[in-house]
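Engineer:
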Amino acid sequence: MGRQIRNYFQATAYWLGRRSMQSRLVAAYVFILLFPSIVVSNYLFGEIRDSHINETLRQGQYLVELEKVNILNQIDAMELAAQLTILSADITEYISTHKEFSTEELLDLYRGPLTDVINIQTNNPNIAHLRLFADNDYISEMWPIVFHERRIQKEPWYSELAELDGKELWVFKEEDADILHRNVTDVHNQMPKVSLMRVVRAGSERIGVIQVEMLLKHFAPKAFASLQDEGSQMMLADSKGSIVLDELQAFAGKGSNPKLRAAIKEQFAAMKELGQQEIRFSVDDHPYLLIRTPVEQAEAELLHVISLESVYERVSNGQFRIMAVNVGLIGLLSIITYMMNAIILKNLRRLTDAMKKVRRGETPAGLPLSGGGEIGELAFHFNKMMQTINELIAQGVRKKALTKEAELRTLHSQIDSHFLYNTLENIKMLAEIENQRLISDSLTSLGGMMRYNFKWSGEYVRLQDEIRHIQNYIDVMNIRFDEPVVLERSIEPGLLEVEMLKMSLQPIVENALKHAWPELGEEQRLIQIAAFEQAEGVIVITLRDNGEGIAPEPLALLNERIQLERAGERLMDEYERSAKPLYGIGLRNVHQRIRIYYGKPYGLQVRSEEGQFTEVMLTLPKVLIAGGGDDD
């Protein structure tokens, strides 16, 4: 993702870079005006959107509080009905007496206390059922109030009620089932309801259970009303987190939006855990607001889900209209800016045309431009540049003539070198006639060196050509020594054909002969040359002598000087006092040539142990020369 963004910006920058200055200035003006307007508009409309959402939140909280007040009133009515029923001494005596009642006693009970209880339900039509379940096999069930407790013993809430020790239990049910299990169809049976249950005691004796039930459309009319706002819906959640809602409503009813129902349940659980009273969430990119308020008396919570899509849509429409006006205004300003820039940059275009003529090879004498400012100053410097170019062209012509003359002189020197070759060959023949083999061999080596030096067909030679040259050099120099210098070779197969810079090894061997054995002794003088492939595409050539070596401090200064692009004056003076000047200069020249022709990864380094050896290591790229090199 980051690479794609980087490539996009690079492509955009490249595209803008190829446009004219006039177009780029207009683009800059558009960006300067458009970008802040977009940022400010987004901020302002974000504030407006938050303001609308907060207003929606306040309205939702107000409706929730109104519904909560209505629910509390219904809770009070249900609790009052249960309390009045329990306070009837005749009813409690009837369900607690362990004897059978006569028919006349039952009729008197029905006409008196039982009718009073029925009137409690009649006076409060919102109560669906008022039942008293007796734990007494001697009583007779008296519909619709008194029933045997065994009718509810299989209910899932029955065991939970027994553990509450006389406290109220509130249960929400999806439907109002017939307790007598009659095969009748009642529309109320399909409606959700809420039940209040409490254990009834006579003194310390448990005698039954009182149950007061109310349909949820009466208990919470705004949550379960048939008519409601299509953009919101209220619902109830019990103490276990189960949500009960009107399944007939289109907002979150059964089958209408299962994802929304699942999200409401998930968000409600998160709100309870975090202690939040409202939360915003999205389902399939549709925004919603969920508000909750506890109803402690019923051990429940009232939820209100509100769709924020209309709020977002109103804000987005306003934002789109404002942005359209901004874009139109910026477009008009861009046209005006483009026309003004065309007038301002007219002289710059004339200067550009003059530069194009120079690119085609024309050399105008000057560019007459009136006016000042940056463009006038640029035209002045352009005229000065053209004057300098004309002078440089004239100098180039003169240098070309001088170069031609130098080439002729070089050809003449080559003719002189052939004369020297022939002279050396004649002297060699005289030495052989006189049987002076040492002189003859030395002249042969010297002739090979001269041919190698004068035959400069290019900067690169084969490794075997360079080794042959230093062997000739050692043979010539051995005339000076009682104990000759021996050159040993250890070259990996195939590396004799690799290329290297001509005359790279002779300065190293020359320094070894001059500084490795300062005392004239009879010890063996040995120079070992080795070449091996260090890594793929990289070879290392080492030249090692068995001389007296270099002390650590001068060695460090030597390597530091070799590696420097420009030796500092302080380091030069310090090196002159501590090491051999010529030794360092020759090695540094070889190192600089390698860096110039092959690059910074390659070069030269010196290793040494005092009294043991000195080793010069060259690192070069592995490049094979096809077709041979400077053969003698």
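For the sequence shown, position 492 matches number 492 in UniProt numbering, and the numbering has no gaps at all.
Don't be surprised by glycine CBs; every beta carbon is placed ideally from N, CA and C.
(1) For G547, name the three-state secondary structure that DSSP assigns.
(2) Just to confirm, are S490 and Q524 a CB contact at a threshold of 8 Å?
(3) For S282, count neighbouring Cβ atoms within 10 angstroms of its own Cβ and tell me buried if that reaches 16, exposed if not.
(4) Would you check if there are 3 or more beta carbon pairs closer than 8 Å linking the region 477–493 to the region 597–614?
(5) Does DSSP put residue 665 in a helix, in a strand, or in coil?
(6) Per DSSP, which residues does F133 bridge with? Please list them.
(7) Using CA coordinates, which residue listed in F133, H591 and I474 is at the minimum distance from E155?
(8) In this structure, how does DSSP classify V623 when only helix, strand and coil are distinguished?
(9) Can you determine whether any heavy atom of the ligand NAD sits closer than 7 Å to the C-beta of Y602, and answer yes or no?
(10) Between K502 and V461, which are expected to be in contact by the criterion C-beta below 8 Å, what is the C-beta distance as a whole number of angstroms?
(11) In its own chain, which residues sit with a C-beta less than 6 Å from the C-beta of E610, not counting the 5 before and 5 after it?
(12) To the nearest angstrom, how far is the alpha carbon of L308 from that of L80?
(13) When you compare the region 229–246 with the region 299–318, are there three or more beta-carbon pairs, one atom per stretch, that lie closer than 8 Å?
(14) Which residues bound the beta strand (DSSP E) around residue 636?
(15) Does the structure place the region 264–282 close enough to the region 99–108 that three or more beta carbon pairs sit under 8 Å?
(16) Give me whichever residues DSSP pairs with P287 in a beta bridge.
(17) Can you look up G603 in the DSSP assignment and give me helix, strand or coil?
(18) Any idea what DSSP makes of I415, helix, strand or coil?
(19) Apart from the five residues just before and just after E432, which ones in its own chain have a Cβ nearer than 8 Å to its Cβ?
(20) Below 8 Å on the Cβ atoms is my contact criterion, and I expect T85 with V117 to pass it. Report the Cβ-Cβ distance as a whole number of Å.
(21) For a minimum of 3 consecutive residues, which ranges assigned as the beta strand (DSSP E) are wholly contained in the region 77–135?
(22) Of the choices G331, Q297 and S51, whose alpha-carbon is the least far from that of K167?
(23) Helix, strand or coil, according to DSSP, for A177 in the structure here?
(24) For the beta strand (DSSP E) holding E301, just list the boundary residues, first then last.
(25) Counting along the chain, where does the alpha helix (DSSP H) carrying V358 start and finish?
(26) Taking Cβ to Cβ, would you say L130 is nearer than 8 Å to I145?
(27) By the three-class DSSP mapping on this structure, what secondary structure does I243 have?
(28) Relative to the alpha-carbon of S239, which residue among S310, V209, V194 and R111 has its alpha-carbon at the smallest distance?
(29) CB-CB under 7 Å to Y598, same chain, minus the five flanking residues each way: which ones, in chain order?
(30) Using the rule of at least 16 other Cβ atoms within 10 Å of the residue's Cβ for burial, across every protein chain shown, is T56 buried or exposed?
(31) Give the DSSP bridge partners of D254, in chain order.
(32) Relative to the alpha-carbon of E172, which residue among M197, R151, D165 and I152 has its alpha-carbon at the smallest distance?
(33) I need the straight-line Cα distance from K265 to R150, nearest angstrom please.
(34) Quick test of your reading: S159 and G231, contact by CB under 8 Å. State the CB separation rounded to the nearest angstrom.
Structural biologist: Considering the structure as presented:
(1) coil
(2) no
(3) exposed
(4) no
(5) An answer regarding residue 665 cannot be provided, because it is not within the stretch 1 to 632 covered by the chain.
(6) F147 and V209
(7) F133
(8) coil
(9) The ligand content of the structure shown is nil, which means the ligand NAD is not present either.
(10) 5 Å
(11) G549 and A551
(12) 40 Å
(13) yes
(14) This structure cannot speak to residue 636, because the chain is shown only from 1 to 632.
(15) no
(16) S282
(17) strand
(18) Residue placement at I415 cannot be trusted, given a pLDDT of 46 that sits under 50; what the coordinates show is reported in the next sentence. The answer is helix: DSSP assigns I415 an H, G or I state.
(19) S440
(20) 5 Å
(21) 127–134
(22) Q297
(23) coil
(24) A300 to S307
(25) K346 to R359
(26) yes
(27) strand
(28) V194
(29) L620 and P621
(30) buried
(31) Looking at the sequence shown, residue 254 is not Asp but Lys. BP columns for K254 are empty, so no partner.
(32) The sequence shown places Phe at residue 172, not Glu. Nearest of M197, R151, D165 and I152 to F172, Cα basis: M197.
(33) 35 Å
(34) About 42 Å; that fails the 8 Å criterion.
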